[in-house]
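**Student:** Can you keep this structure in mind? I'll have questions shortly.
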Amino acid sequence: FPSPQISPEEEERRRVRRERNRIAAAKCRNKKRERGELLQEESERLESQNERLKSEISRLQEEKEKIAYLLQFHRPTCIMKAPATTCAPVTTTSKPTAVMVDSFFSTASSSDLSWDSAETGGQETSPSPAIVPVDLSCAYSSDSDSDTELS
3 FPSPQISPEE EERRRVRRER NRIAAAKCRN KKRERGELLQ EESERLESQN ERLKSEISRL
63 QEEKEKIAYL LQFHRPTCIM KAPATTCAPV TTTSKPTAVM VDSFFSTASS SDLSWDSAET
123 GGQETSPSPA IVPVDLSCAY SSDSDSDTEL S
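Numbering (the working numbering), first residue to last: 3 to 153.
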C-alpha cells in the first residue's frame with residue numbers, strides 16, 4: 003500500500019491515539035493479571051479451608067462412632083435418675099400409666115433385651131433397642147434406691 007500523504011497534524015493525532023491505546027492495553031493486561039492472581043489466591047484459600055473442613059468431618063465422624071459404640075453397651079445397664087421431688091407418692095386410688103418407651107429410658111435388665119449368647123445359638127449379637135412398657139407413675143429411680151431395680 004502506498005501511504006497517502008497525510009498532514010503533520012494528522013500524523014500527530016495518530017501517534018497520540020496509538021500511545022493512548024498502548025497505555026490502555028497495558029492497563030487492561032495489568033488488571034487482567036491482577037484479577038487472575040486474586041482468583042488464584044482465593045482458590046488456594048478455599049482449597050485449604052476445604053481440607054480443614056474435611057479433616058474436621060472425619061474427626062467428628064470418628065468421635066460419633068466412638069460415642070455410638072459406648073452408648074450401645076451402656077443402654078442395657080442404664081437407669082435414669084431423676085430428682086426425688088419429681089416422683090409424687092403413689093396412693094391406692096391412683097392408677098399408674100404404662101407407655102411404650104425405648105430401652106434407653108426403660109429400667110429393663112439386660113436379660114429382658116434377649117441378646118444373650120445362649121438364646122442366639124452361642125453367637126454374640128449386638129444389642130438392638132427393645133420396646134418395653136414402663137410405669138410412668140414413678141419410672142425413675144430416686145437417689146435412695148439407686149442400687150435396686152424398679153419394676
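Beta carbons are placed, not taken as given, at the ideal position from N, Cα and C, and that holds for glycine.
1. Classify R47: buried if its beta carbon has 16 or more other beta carbons within 10 angstroms, exposed otherwise.
2. Which two residues bound the contiguous alpha helix (DSSP H) that contains I69?
3. Whole angstroms are fine: how far does the CA of R54 sit from the CA of Q63?
4. Can you give the Cα-Cα distance for E36 and Q7, rounded to whole angstroms?
5. Compute the Euclidean distance between the alpha carbons of N52 and R61, then round it to the nearest angstrom.
6. Would you call R15 buried or exposed, if buried means 16 or more other Cβ atoms sit within 10 Å of its Cβ?
**Tutor:** Let's see:
1. Per the 10 Å Cβ criterion, exposed.
2. Judged by DSSP secondary structure, I69 falls within the alpha helix (DSSP H) whose first and last residues are P10 to H76.
3. If you take the alpha carbons of Q63 and R54, they lie about 14 angstroms apart.
4. E36 and Q7 have their alpha carbons spaced roughly 43 angstroms apart.
5. Here the C-alpha atom of N52 lies approximately 14 angstroms from the C-alpha atom of R61.
6. When all chains shown are included, R15 counts as exposed.
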